[in-house]
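The structure under discussion appears below in the form of structure tokens.
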Amino acid sequence: MQTTSFLYEGKAKKVFKTNQQDTYLIRYKDDATAFNAEKRGTIAQKGEVNNLVSAIIFPYLEANGIPTHFIEKIDRRSMLVKAVEIIPIEVVIRNRATGSLCKRLGIKEGITLTPRVFEFCLKNDALGDPIINDSHILTMKLCSDAELAEVKKMADQINVLLSHFFKKVNLELIDFKLEFGRFNGKLLLADEVSPDTCRLWDLTTQNRMDKDRFRLDLGAVEEAYQEVLNRIENQVKSI
Ligand code: UDP
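Following the numbering used here, the numbering of the sequence shown begins with 3 at its first residue and continues without gaps.
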């Protein structure tokens with residue numbers, strides 16, 4: 003496999019075309035942004051952690067019936083993925099209240115959300131990724147009715163699977179963001195699953211082990227990312 007041309011640079015990844023048909027290479031960066039890119043910085047080794055964590059979680063989800071864009075890990079920072087057409091919606095599920103939910107709705111920080119909260123945002127940096135609902139999605143033709151139903155069903159299944167996965171490494175899945183893409187008419191989970199896109203609290207100490215350490219200037223950011231990776235790698239080794 004060879005990369006043939008640079009395709010796109012996002013806030014956390016670079017995407018390259020390859021000489022394999024319908025296959026992209028994703029290279030994860032150490033760059034970090036928060037609050038619609040108002041806060042910028044770097045987190046040492048973040049690209050490696052997010053690639054290595056995603057490269058464990060995607061196959062775990064696949065093994066449990068969730069189709070994903072993941073093909074294989076190439077090196078510590080890169081993976082091969084199917085060249086999906088990204089649906090321009092961010093899908094957020096929240097199990098406990100924190101972050102923008104508390105700011106926006108005045109819900110008390112840390113309370114358990116029953117049932118879990120589902121949110122959609124339009125993927126549009128210029129507009130600040132505004133919250134949208136089913137009606138906007140269908141009117142703006144971001145995806146079909148059938149795709150939306152499938153996205154919701156898959157996201158709920160992923161919530162159950164990921165909550166279980168992280169609990170085994172003493173982490174609670176507080177909330178997370180997913181992106182989906184189309185590939186040969188099929189819906190696949192795309193993007194990444196990592197401490198950048200999931201809020202993870204240590205089950206014992208309630209310490210935040212995710213990008214909130216960067217967002218909120220809590221310190222020990224690199225250490226938290228490494229700790230999440232170590233726990234997951236040790237768990238996988240022990241199976
Ligand atoms: N999230 C993300 N990318 C985004 C916005 C949110 O991965 O562009 C994730 C975030 O890490 C958290 C969840 O989605 O796990 C909910 O984020 P929230 O809206 O509370 O984010 P905030 O506005 O506080 O950054």
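The C-beta atom is built at its ideal place from N, Cα and C for all residues, glycine as well.
Keep in mind that this is a model prediction, so the values were computed, not measured.
Asked                                                                                                : Found
Under 7 Å between C-beta atoms of residue 15 and residue 28                                          : yes
Beta bridge counterpart(s) of residue 34 as assigned by DSSP                                         : 43
The ligand UDP heavy atom lying under 6 Å from the CB of residue 199                                 : yes
Reference residue 238; option with closest CA among 133, 168, 94, 81                                 : 168
Residue 101: CB within 6 Å of a non-hydrogen atom of the ligand UDP                                  : yes
Run of the alpha helix (DSSP H) containing residue 147, from where it starts to where it stops       : 147 to 169
Rounded C-alpha distance that separates residue 100 from residue 178                                 : 11 Å
Beta-carbon proximity list for residue 76, same chain, < 7 Å, skipping 5 on both sides               : 27, 82
Three-state secondary structure assigned by DSSP to residue 97                                       : strand
Stretch pair the segment 160 to 174 + the segment 132 to 145: three plus CB contacts closer than 8 Å : no
Contact check, residue 123 vs residue 92, beta carbons under 7 Å                                     : yes
Short Cβ contact (7 Å threshold) for residue 32 with residue 49                                      : yes
Option in 17, 10, 30 with minimal Cα separation from residue 197                                     : 30
CB contact flag (residue 194, residue 56, <7 Å)                                                      : yes
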